[in-house]
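Position 107 of the sequence shown, counting from 1, maps to 181 under my numbering, and the rest follow consecutively. Notes follow once the structure below has been shown.
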Amino acid sequence: MADTAPRLLVPRFGGGDPFHGTNGSTPHLGLDAAEETVSARLARAAAALAGDLAGLLDQALAPGEHGSTRDFLYAMARSAEDAAGAPPSAPHPVDLVAAAFGLSPVELDLVTLAGLPEEHEGYAGVLRTLHPRGEPRPTAGLAAQLLCATPADRALLRGVLESGAAVRAGVLRLGDEGPFWERTLLPADALWSALHGLDVWPAALTRVGGPVVAAGLDAWLALPECAAARAALAAGRPWTVLVSADDEGRALRRAAALVQSAGRAPARFTFAAQPPPDADRLASVHAAARGLVPVIALAPPDGPGAHTAPAFAAHDGPVVLCARTGGARVSGPRPVLEVPAAPLTPGAREAMWRALVPEVEDDAAVLAARYTVDPETARAAAEDARALAGLEGRPPAVHDVARGVRTRAGLALSSGVRLIRPTAGWDRLVLPGERAGQLREAIGRLMHQATVLDGWRFLSGRTGARGVRMLFAGPSGTGKTLAAEVMAQALGVDLLMVDVSRVVSKWIGETEKNLSEVFDAAENAQAVLLFDEADALFGKRTEVSDAHDRYANLETAFLLTRLERFEGLAVLSTNLRQNIDPAFLRRLEFVVDFPEPGPAEREALWRCHIPHGVPLGPCLNLRELAATYPVVGGLIRNAAVAAAFLAAAEGSPITAQHAVRAIRREYDKTGRAFPGLPSGMSAP
């Protein structure tokens, strides 16, 4: 627009108050859309405003000046008037946004004006010629010329653009460059596409998709706190519901089910500890455009203390925040209702598995005892199990579900933790009957918790009652790690092996942080947690003579507390039982000694470590080897493998000479005196 052209004010509204929506006129986005599609209504509103802009140019420019521009705008206005679409099947996104934030007619027209360059490249070209800095967008001054009839209207418009409901909510933005009336009008990021009914979201928001699963949540949803939250959500009132759990991911999943149970649909997002600017307003606006309830998962704060959660002051409907227990501080005038999301009880988990995997209904109690996953993970695991079984043309079995859980639950492994997929079965473990019985008894404590703890109500209310803590004590090579793997395989879970040297840190507080992550990861996936060489971490506390002793004792105290409330199977392995702090021993359900094997066990170990079908020489007498060489299982395994390589190099079966050469090397490595050759065997 030429600087010398007269700037005529074009009355847009009648005699009412368009700035507060009390007059009888209709803004462009308020057009009757009874027979228009979502997208057609928005295009028609934009074209109607383009027609007003063409009229403004007619009055402001000399005849013939920018004729092609005016012709284009008039053509767009006429085409929109002639267009007709099918009746909408749901409220228009514009109506939803207007209702959510109480937008006035003028604010709806301002949103239309700000969205023109997003609607058509021709509108963007026209606006570029009118912008003082050549930007393809409208300015506050252009809005004033289109919408204001008097200086008083301009004053009101300025107030709307400075602090009106649309600006406060983030639906509309005003650039901060140049004088006020030359500042640019912008819609919220990706809002125009959303108003077209498209599933487009701002890049600054991290959305969480997928179905909402409520299987197994009936008892939780029936709690008084959930009932109150459902009432607030169903009424659509401006409440803030804070769902808290030991993990913000679990809180987010529960919150989605809570919203769905109230007859609403959630828009789920995750916010980082330092979210992008205006992330809360973007989430609010885009959720409102779709008629959804914003559900926000707040990441843990970087330092000590709690987050100050977004206030959502401009949002006139319910908002659900999800955080770790004690990790969020909610401020602002909106009423707040907290809903704790405790882990599912075994009974609820059993109901969940029955609903999600009816094919293995008889084993639902077994799945409930093994896996404390939430319904979303259980559903995904069930689908994986069906798909896997379908490839083989059979119904899914428990082991298919177990595989799916392992894959879906995932493990956020910290440094110093190694994941082992267990493969060893009971046939690989050679232990005296009493000690093997203790291992099976420990598994039974995990498998029968529903009966003892829930049905018979033993240890009611005690923290960590669902955990089993064990100490494996014995010389190196006696099968302690193998026993932990066998137990994990029997339970159908993974084994997490903790490298103590990498978990312990010289920095104050880092050791506790690392250990907390280890325990959390094991609990989330219900993995067996193995602390190898545990005496380095669970050793006896000392007299405090310096700061080092004091902080070492603090680490021990943290371990005592965290181990006691661990909800899973934790195994402490040590070669030096006497070095374990007695306070830990009192908290253990089982202490299993792994003695050096006797002759019968050693023979069984030789047979265990030589696979079936391997060619053996006639002179190889495993019973004689077991009687002659009193070594532990780890050395027998090494000797069996070494003997096999010696035999393969010679192209012969494994002979007594190969086995003796291999076992002699094991004696040399350990610095022990070699007992000599078996009777009747001559030196090679």
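Just so you know, even glycine gets a beta-carbon here, dropped at the ideal spot from N, CA and C.
Inter-residue Cα distance where the pair is residue i and residue j
{"i": "VAL434", "j": "PHE612", "result": "41 Å"}
{"i": "GLN133", "j": "PHE175", "result": "35 Å"}
{"i": "ALA336", "j": "PRO392", "result": "12 Å"}
{"i": "PHE748", "j": "ASP458", "result": "54 Å"}
{"i": "VAL577", "j": "ALA262", "result": "46 Å"}
{"i": "ALA173", "j": "PRO409", "result": "20 Å"}
{"i": "VAL429", "j": "ASP292", "result": "One point to set straight first is that residue 429 is Ala, not Val, in the sequence displayed. Going by the C-alpha atoms only, they are around 12 Å apart."}
{"i": "ASP437", "j": "VAL472", "result": "7 Å"}
{"i": "GLU617", "j": "ARG651", "result": "A caution first: GLU617 carries a pLDDT of 46, below 50, which makes its placement in the model unreliable, though a value can still be read off. Going from the Cα of GLU617 to the Cα of ARG651 covers about 20 Å."}
{"i": "VAL706", "j": "PRO669", "result": "9 Å"}
{"i": "ILE654", "j": "ARG661", "result": "12 Å"}
{"i": "LEU295", "j": "ALA422", "result": "11 Å"}
{"i": "PRO191", "j": "LEU131", "result": "17 Å"}
{"i": "CYS693", "j": "GLY672", "result": "23 Å"}
{"i": "LEU637", "j": "ALA455", "result": "29 Å"}
{"i": "PRO26", "j": "PRO656", "result": "Past the boundaries of the shown model lies residue 26; the chain is included only from 75 to 758, so the question cannot be answered."}
{"i": "VAL479", "j": "SER647", "result": "27 Å"}
{"i": "THR258", "j": "ALA341", "result": "30 Å"}
{"i": "LEU634", "j": "PHE640", "result": "10 Å"}
{"i": "THR585", "j": "LEU248", "result": "49 Å"}
{"i": "GLY238", "j": "LEU604", "result": "59 Å"}
{"i": "LEU272", "j": "ARG118", "result": "17 Å"}
{"i": "GLY208", "j": "TYR197", "result": "13 Å"}
{"i": "LEU260", "j": "ALA330", "result": "32 Å"}
{"i": "ALA701", "j": "LEU679", "result": "12 Å"}
{"i": "LEU187", "j": "ARG364", "result": "21 Å"}
{"i": "GLU677", "j": "LEU696", "result": "6 Å"}
Buried/exposed call for residue i, threshold 16 Cβ in 10 Å
{"i": "HIS683", "result": "buried"}
{"i": "ARG624", "result": "Low local confidence applies: a pLDDT of 47 at ARG624 is under 50, so the model's placement there is unreliable, and no value is given."}
{"i": "ARG746", "result": "exposed"}
{"i": "PHE593", "result": "buried"}
{"i": "GLN523", "result": "buried"}
{"i": "GLN348", "result": "exposed"}
{"i": "THR297", "result": "Contrary to the premise, residue 297 reads as Leu rather than Thr in this sequence. Exposed."}
{"i": "THR537", "result": "exposed"}
{"i": "SER40", "result": "Residue 40 is absent from the model: the chain starts at 75 and stops at 758."}
{"i": "SER590", "result": "exposed"}
{"i": "PHE87", "result": "Confidence is the limiting factor: at PHE87 the pLDDT is only 33, short of 50, which leaves the residue's position unreliable, though a coordinate-based value still follows. The residue in question, PHE87, is buried, as its Cβ has 16 or more Cβ neighbours within 10 Å."}
{"i": "LYS554", "result": "buried"}
{"i": "SER318", "result": "buried"}
{"i": "GLY401", "result": "buried"}
{"i": "GLY215", "result": "buried"}
{"i": "ASP354", "result": "buried"}
{"i": "ALA301", "result": "exposed"}
{"i": "THR525", "result": "exposed"}
{"i": "TRP530", "result": "exposed"}
{"i": "SER619", "result": "Caution applies to SER619, whose pLDDT of 46 falls short of 50 and renders its modelled position unreliable; the model cannot decide the point."}
{"i": "GLY535", "result": "exposed"}
{"i": "GLU424", "result": "buried"}
{"i": "GLY199", "result": "exposed"}
Best match in the options for proximity to residue i [C-alpha to C-alpha]
{"i": "ALA373", "options": "LEU366, VAL359, LEU395 and ASP390", "result": "LEU395"}
{"i": "GLU559", "options": "LEU569, SER550 and THR552", "result": "LEU569"}
{"i": "GLY252", "options": "ALA557, LEU230, ALA243 and HIS205", "result": "HIS205"}
{"i": "THR497", "options": "VAL542, ALA557, PHE345 and ASP448", "result": "ALA557"}
{"i": "ALA722", "options": "GLY750, VAL688 and HIS389", "result": "VAL688"}
{"i": "LEU659", "options": "GLY642, THR630 and GLU675", "result": "THR630"}
{"i": "ALA277", "options": "ARG403, ARG324, PRO350 and LEU231", "result": "PRO350"}
{"i": "GLY566", "options": "VAL440, GLY511 and ARG311", "result": "VAL440"}
{"i": "ALA476", "options": "ARG468, ARG453, ARG492 and GLY490", "result": "ARG453"}
{"i": "ASP390", "options": "ARG144, LEU418, ALA306 and ASN588", "result": "ALA306"}
{"i": "GLU193", "options": "ASP667, VAL171, ARG281 and ALA264", "result": "ALA264"}
{"i": "PRO407", "options": "THR314, ARG738, GLY129 and PRO704", "result": "THR314"}
{"i": "MET755", "options": "THR744, PRO414, PRO704 and LEU699", "result": "LEU699"}
{"i": "ALA243", "options": "PHE386, TRP275, VAL572 and MET150", "result": "PHE386"}
{"i": "SER575", "options": "ALA564, LEU503 and VAL491", "result": "VAL491"}
Chain D within 8 Å of residue i, Cβ atoms only
{"i": "ILE728", "result": "In the structure shown, chain D cannot be found, because there is only a single protein chain."}
Would you mind listing the alpha helix (DSSP H) stretches within the segment 382-458 that are 4+ residues and don't spill past its ends, in chain order?
420-430 and 438-444
Mind pulling the alpha helix (DSSP H) runs of 4 or more residues that sit fully within the segment 524-581?
554-565 and 574-577
Do three or more CB pairs link the segment 177-192 to the segment 357-372 at distances below 8 Å?
no
Every unbroken alpha helix (DSSP H) within the segment 287-367, with a cutoff of 4 residues, ordered by chain
DSSP runs (the alpha helix (DSSP H)) wholly in the segment 287-367: 292-295, 298-309, 322-335 and 353-363.
If we require 4 or more residues per run, which alpha helix (DSSP H) segments fall completely within the segment 162-237?
167-175, 179-193, 195-204, 214-221 and 225-237
Does the segment 262-278 come close enough to the segment 350-365 that 3 or more CB-CB pairs lie under 8 Å?
yes
Do the segment 462-470 and the segment 531-550 touch if we need at least three Cβ pairs shorter than 8 Å?
no
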